[in-house]
Amino acid sequence: MRLIRPLPVLLPPLPDELLSSWLGRHATFYRVSGGRLLRHCGVDAGSMRSIDLALSAHDQRQIARTFRTDPQALRRMTQSRGRRRPAGLIATDRPMQVCRRCVIRHDATPETRGARLRSWMEGWRVSCPVCGARLDDCRPMNMLNRANPADPLLARVAEHAAEGEMILEEAVRRNPQDGSAITLMRSLLLPRAHPWQASPTADIPRLLNVVITGFDDFLRDTSPGFRRPGTLLLPMSVRIPVLAGVARVVRRPSHWTERLLPAVGDSARPALAGCLRALGES
1 MRLIRPLPVL LPPLPDELLS SWLGRHATFY RVSGGRLLRH CGVDAGSMRS
51 IDLALSAHDQ RQIARTFRTD PQALRRMTQS RGRRRPAGLI ATDRPMQVCR
101 RCVIRHDATP ETRGARLRSW MEGWRVSCPV CGARLDDCRP MNMLNRANPA
151 DPLLARVAEH AAEGEMILEE AVRRNPQDGS AITLMRSLLL PRAHPWQASP
201 TADIPRLLNV VITGFDDFLR DTSPGFRRPG TLLLPMSVRI PVLAGVARVV
251 RRPSHWTERL LPAVGDSARP ALAGCLRALG ES
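Residues 1 to 282 in full-length UniProt numbering are what the sequence shown lists, from first letter to last.
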């Protein structure tokens, strides 16, 4: 068995910090590459980010020895935390949003500069769990249509969006086997049944407009050419109304069942019906 030499100086982890970020800050502090630090730990992972997404028991033990740290504390810094990651809700590479307030605080000290937080990779977040500030899009493709919190529709649904964020957080953290809230989040962006055949993509009526009146017009004006993505890593301008819709439906699933099921296409109706039924029984 290879002898692991513990590091002499440890930097304290930041609240909500990713394990890869914490390890990366140590690599910078010791002036070595991330790969060299992983090799020193005896870690088998191919990259820093892969540790966040799937931390093996072997790598967990090796890092814990090197950093003289509780293995469970390391697990809590990962994206999976020992559970199956919610499909389509976790960015696999780079952050999709940031907290500007936290970035300023991190940049004020050399040892914390460049830190990355878990919430910056999570597709159900609209606010920072550390300081409560609004999260901002940081992916280049979303910068042109950055959410304006003063927009009438976004201001109208802000409270419900915060509630939807908590619902998804609960679903992901406490009961990952129950995918009802995630299924609902996906379903609300589906086209309504019998869309206008001659309309451009941006004018396709979405199911969410049944719950959030005015969403179709908002989407056409703020995100021209928007197409329902293969994942749920949505820009904030779309994520905020979607989360608000989730909150409203979860509050009264039987009420919305009567309105949503007739409005969705035949192929998507069974999954949505099962989702609404599960929400009504929970």
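Glycine is no exception: its CB is placed at the ideal position from the N, C-alpha and C atoms.
When burial is assigned at 16 or more other CB atoms within 10 Å of the CB, is residue i buried or exposed?
i, result
"M141", "exposed"
"N209", "buried"
"I104", "exposed"
"C41", "buried"
"T213", "exposed"
"A181", "buried"
"V172", "buried"
"G24", "buried"
"D59", "buried"
"D16", "buried"
"M166", "exposed"
"A150", "exposed"
"E122", "buried"
"T231", "exposed"
"V43", "buried"
"residue 283", "With the chain represented from 1 up to 282, any question about residue 283 goes unanswered, as that position is not in the structure."
"T222", "buried"
"C131", "exposed"
"A57", "exposed"
"R76", "exposed"
"A108", "exposed"
"E114", "Here residue 114 turns out to be Gly, not Glu, going by the sequence shown. The residue is exposed, with fewer than 16 neighbouring Cβ atoms inside 10 Å."
"S187", "buried"
"S20", "buried"
"P253", "buried"
"A133", "exposed"
What does DSSP give as the partner residues of residue i in its beta bridges?
i, result
"E258", "Answer is none; E258 lacks a bridge partner."
"P191", "R206"
"S127", "R134"
"E281", "DSSP output for E281 lists no bridge partner at all."
Quick check on residue i: does DSSP put it in helix, strand or coil?
i, result
"I90", "strand"
"E111", "coil"
"L117", "strand"
"Q97", "strand"
"V264", "strand"
"P15", "coil"
List the whole-angstrom C-beta distance separating residue i from residue j, where the pair is believed to meet the contact cut-off of C-beta under 8 Å.
i, j, result
"P191", "R206", "6 Å"
"V249", "W256", "5 Å"
"D93", "R139", "So it is not a contact: roughly 10 Å between Cβ atoms."
"L53", "Q72", "Contact flag wrong, Cβ pair sits at about 18 Å."
"R116", "L184", "Their Cβ separation, rounded to whole angstroms, is 29 Å, which puts R116 and L184 out of contact at 8 Å."
"H26", "L37", "6 Å"
"A161", "A244", "4 Å"
"L272", "L279", "Between L279 and L272 the Cβ distance is about 11 Å, and since that is not below 8 Å, they are no contact."
"W124", "L89", "6 Å"
Strictly under 8 Å for the Cβ-Cβ distance: is residue i near chain B by that measure?
i, result
"H160", "Protein chains in the displayed structure number just one, and chain B is not present."
Legend entry - Continuous beta strand (DSSP E) assignments of at least 3 residues falling wholly in the region 150-188: The region 150-188 contains no whole beta strand (DSSP E) run of 3 or more residues.
Inset, instruction - Report the residue ranges of all alpha helix (DSSP H) runs contained in full by the region 41-81; include only those spanning at least 4 residues, in chain order. - result: Entirely contained in the region 41-81, the alpha helix (DSSP H) runs reaching 4 residues are, in chain order, 48-53, 57-67 and 71-76.
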